[in-house]
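Each protein sequence line maps, in turn, to chains A and B. If you read the first sequence in my numbering, its first letter stands for residue 11, the second for the next number, and so on. If you read the second sequence in my numbering, its first letter stands for residue 11, the second for the next number, and so on. Don't be surprised by glycine CBs; every beta carbon is placed ideally from N, CA and C. Being a predicted model, the structure only gives us computed values, none of them experimental. Before any comments, here is the structure.
2 protein chains.
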Amino acid sequence: MINDIIVLGYGNLGYHLVDALSQLPDCTVTVYVRKLKSIDSKRVNSSSIRFVNHLEDLPPTAPLCFAAVKDDAIHKVCKSLPKNLLAQTSLIHCSGVLPANHLSVVSSRWALFYPLNSFSKDHSFSWEKVPVFIDGADPKKRKYLWQLAEQLSARPVENNDRDRAVLHLAAVMVNNFTNHLYQKAEELLSKHQIPFHYLIPLIKTTTSKLDYLSPAEAQTGPAARGDVETIRKHLGLIEDENLKSLYLELTHSINPDLKT
Amino acid sequence: MINDIIVLGYGNLGYHLVDALSQLPDCTVTVYVRKLKSIDSKRVNSSSIRFVNHLEDLPPTAPLCFAAVKDDAIHKVCKSLPKNLLAQTSLIHCSGVLPANHLSVVSSRWALFYPLNSFSKDHSFSWEKVPVFIDGADPKKRKYLWQLAEQLSARPVENNDRDRAVLHLAAVMVNNFTNHLYQKAEELLSKHQIPFHYLIPLIKTTTSKLDYLSPAEAQTGPAARGDVETIRKHLGLIEDENLKSLYLELTHSINPDLKT
Chain A
11 MINDIIVLGY
21 GNLGYHLVDA
31 LSQLPDCTVT
41 VYVRKLKSID
51 SKRVNSSSIR
61 FVNHLEDLPP
71 TAPLCFAAVK
81 DDAIHKVCKS
91 LPKNLLAQTS
101 LIHCSGVLPA
111 NHLSVVSSRW
121 ALFYPLNSFS
131 KDHSFSWEKV
141 PVFIDGADPK
151 KRKYLWQLAE
161 QLSARPVENN
171 DRDRAVLHLA
181 AVMVNNFTNH
191 LYQKAEELLS
201 KHQIPFHYLI
211 PLIKTTTSKL
221 DYLSPAEAQT
231 GPAARGDVET
241 IRKHLGLIED
251 ENLKSLYLEL
261 THSINPDLKT
Chain B
11 MINDIIVLGY
21 GNLGYHLVDA
31 LSQLPDCTVT
41 VYVRKLKSID
51 SKRVNSSSIR
61 FVNHLEDLPP
71 TAPLCFAAVK
81 DDAIHKVCKS
91 LPKNLLAQTS
101 LIHCSGVLPA
111 NHLSVVSSRW
121 ALFYPLNSFS
131 KDHSFSWEKV
141 PVFIDGADPK
151 KRKYLWQLAE
161 QLSARPVENN
171 DRDRAVLHLA
181 AVMVNNFTNH
191 LYQKAEELLS
201 KHQIPFHYLI
211 PLIKTTTSKL
221 DYLSPAEAQT
231 GPAARGDVET
241 IRKHLGLIED
251 ENLKSLYLEL
261 THSINPDLKT
């Protein structure tokens with residue numbers, strides 16, 4: 011077992027990675043942050059976590075170093091690591107957009123550990139069944155990262171850059187785009203002083219259907235059943251031109267034969 | 011307590027309404043279906059439920075009659091009820107689209123009981139916190155329907171036709187439209203032989219955020235942060251012209267200042 015792990019960055023992903031790794035048996039995590047002051051020590055109640063704000067203070071023999079910083083900072087921070095550390099650690103990035111070997115220009119011991127989800131410091135996170143995409147130059151380290159994902163109860167997956175790029179696009183659709191529809195619905199309701207929370211049980215039902223039906227099988231509603239009368243009523247209620255355009259685009263995408 | 015209730019129709023909503031009502035203490039539910047043969051008797055394990063396929067066989071003194079049939083059949087089936095039943099029962103429709111007094115042309119004892127959710131016969135349903143919109147000509151029956159919703163652990167709400175129409179539109183956005191995005195994501199992934207279930211933990215995270223953040227606060231992703239490089243990569247991966255158009259429409263709706 012590897013028991014000395016570095017995590018660079020303590021943002022939303024870094025926070026949950028450190029939290030999970032520090033709970034593994036006999037594992038010590040050293041976290042690099044730019045400002046030690048920014049750490050809320052009340053929230054760190056594990057003796058397995060140590061914070062440093064100088065790259066020189068990182069343990070030089072740690073075999074794994076996760077770069078959990080923003081995509082455009084990964085290369086820069088890794089390049090700045092002390093030479094003795096760089097000479098032995100595996101540099102792991104956690105981005106779904108960058109190629110797996112993004113850090114190969116910095117080190118021949120590059121790897122990828124990309125958990126496909128949305129992380130927030132302010133809320134607990136369950137790693138259960140979360141797909142973690144794994145790649146790396148060294149088969150032994152790949153295997154180790156695979157086991158690490160399993161220890162977190164996540165679902166390790168091996169795939170290629172192209173598939174990961176497609177998954178990232180699909181993730182934007184089911185996360186950012188659907189959240190935007192929630193936002194537009196909230197804007198519409200608030201104009202009529204109607205609370206958004208009325209919709210939450212329905213939203214939960216919609217997503218829980220995915221556990222037993224494909225989205226195509228689960229589709230219902232006026233567009234799917236060609237109910238032009240209801241669609242016209244809805245259009246009559248929409249004042250926001252941008253929402254009208256979205257409504258028509260999605261309605262015609264659901265049912266291309268529909269004449270509104 | 012009212013203990014003799016009629017439900018017309020045994021579709022997705024009818025099924026769950028009958029299931030819930032038949033579990034209330036001392037309550038007997040008589041269900042009208044067109045074909046008795048269509049009832050799977052193995053699934054009906056309550057002695058409080060009785061099925062009939064002639065309107066004449068409905069109990070003539072039942073004080074409540076729910077019309078849980080399709081919107082365009084509500085008026086017709088209610089008009090066909092036996093005169094002695096019509097003379098004393100309250101006719102309750104369960105549609106979010108029709109005006110509350112839709113049945114006032116059939117009876118002066120009209121009412122509305124509209125649970126805002128998506129029902130499926132094949133799966134269990136939790137009424138907990140589901141908003142149920144209630145209206146009716148008779149204040150006593152309105153009060154009774156309110157208490158009935160509370161007994162089901164639902165959340166009774168009084169509002170007007172206009173607000174209900176707006177809610178129905180918002181429900182289409184957060185249910186049908188988001189489900190369509192799941193479907194488009196599944197189509198995209200299947201072209202690359204990638205399983206859709208990789209996205210399910212992310213989808214659950216996205217919706218669980220609504221318990222503590224507004225959708226506006228929860229928004230992340232390339233469109234929100236103006237990451238044109240990632241957006242261009244995504245567009246390069248999309249072959250389906252319809253999906254490209256949806257992607258651009260939603261991206262510009264999230265960030266109108268973006269130049270793609």
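Residue 225 of chain B sits buried, since 16 or more C-beta atoms from the chains shown fall within 10 Å of its C-beta.
Of all residues in the region 232 to 250 of chain A, only 232, 233, 234, 240, 243, 244, 247, 248 come within less than 8 Å of chain B when Cβ atoms are compared, listed by chain position. According to DSSP, residue 101 of chain B shares a beta bridge with B:75, B:120.
Shortest Cα-Cα distance from residue 179 of chain B to any of A:231, A:265, A:159 involves A:231.
Look at residue 179 of chain B here: in three-state DSSP terms it is helix. Residue 32 of chain A and residue 236 of chain B have their alpha carbons spaced roughly 34 Å apart. Residue 162 of chain B and residue 30 of chain B have their alpha carbons spaced roughly 7 Å apart.
Per DSSP, residue 12 of chain A lies in no beta strand (DSSP E) and is assigned neither H nor E. Three or more Cβ pairs drawn from the region 62 to 73 of chain A and the region 86 to 95 of chain A lie within less than 8 Å of each other, which places the two stretches in contact. Sequence-ordered contacts of the region 214 to 230 of chain B with chain A read 214, 215, 216, 217, 218, 219, 220, 221, 222, 223, 224, 225, 226, 228, 229, 230 [C-beta pairs closer than 9 Å]. Residue range 22 to 31 is occupied by the alpha helix (DSSP H) that includes residue 24 of chain A. In this structure residue 115 of chain B is exposed. Its beta-carbon is surrounded by fewer than 16 other beta-carbon atoms within 10 angstroms.
Checking the DSSP bridge columns, you'll see residue 143 of chain B partnered with B:124, B:167. Note on residue 194 of chain A: 16 or more other CB atoms within 10 angstroms of its CB, so buried under the neighbour-count rule. Partner residues in the beta bridge of residue 60 of chain B, as assigned by DSSP, are B:40.
Annotated as proximal: residue 77 of chain A and residue 101 of chain A, with beta-carbon spacing under 8 Å. Sequence-distant partners of residue 104 of chain B (beyond 5 residues in either direction) whose C-beta falls short of 8 Å from its own C-beta, in its chain, are 23, 27, 76, 77, 78, 122, 123, 124, 125.
For the region 189 to 216 of chain A, residues whose beta-carbon sits nearer than 7 Å to a beta-carbon of chain B comprise 189, 190, 191, 192, 193, 194, 195, 196, 198, 199, 202, 204, 208, 209, 210, 211, 212, 213, 214, 215, 216.
At least one CB atom of chain A sits nearer than 8 Å to the CB of residue 173 of chain B. Along the region 52 to 83 of chain B, there is no position whose C-beta sits under 8 Å from a C-beta of chain A. Contact between residue 205 of chain B and residue 167 of chain B is absent: CB atoms are separated by about 40 Å, not below the 8 Å threshold. Annotation for residue 61 of chain A: 41, 43, 46, 49 place their beta carbon closer than 7 Å to its own, counting only its chain and skipping 5 residues before and after. Residue 139 of chain A is not a Cβ neighbour of residue 119 of chain A, given a cutoff of 8 Å. In the three-state DSSP reduction, residue 135 of chain A falls in the coil class, being neither helix nor strand. Judged by DSSP in its simplified three-state form, residue 222 of chain A adopts coil rather than helix or strand.
Contacts between residue 139 of chain A and chain B, judged by CB atoms closer than 8 Å, involve 210, 211 in chain order.
Sequence-distant Cβ neighbours of residue 82 of chain A in its own chain, meaning closer than 6 Å and more than five residues away, do not exist here. Assignment of residue 111 of chain B by DSSP, reduced to helix, strand and coil, places it in the coil class. Rounded to the nearest angstrom, the Cβ distance from residue 127 of chain A to residue 240 of chain B is 17 Å, too far for a contact under 8 Å. With a threshold of 8 Å between beta carbons, residue 126 of chain B makes contact with chain A.
By alpha-carbon distance to residue 160 of chain B, the top candidate from B:136, B:176, B:173 is B:136. Residue contact with chain B for residue 133 of chain A: present (Cβ-Cβ distance below 8 Å to some residue of chain B).
For the pair residue 107 of chain B and residue 192 of chain A, the CB atoms are not nearer than the 8 Å cut-off. Taking 8 Å as the CB threshold, residue 13 of chain B stays off the interface with chain A.
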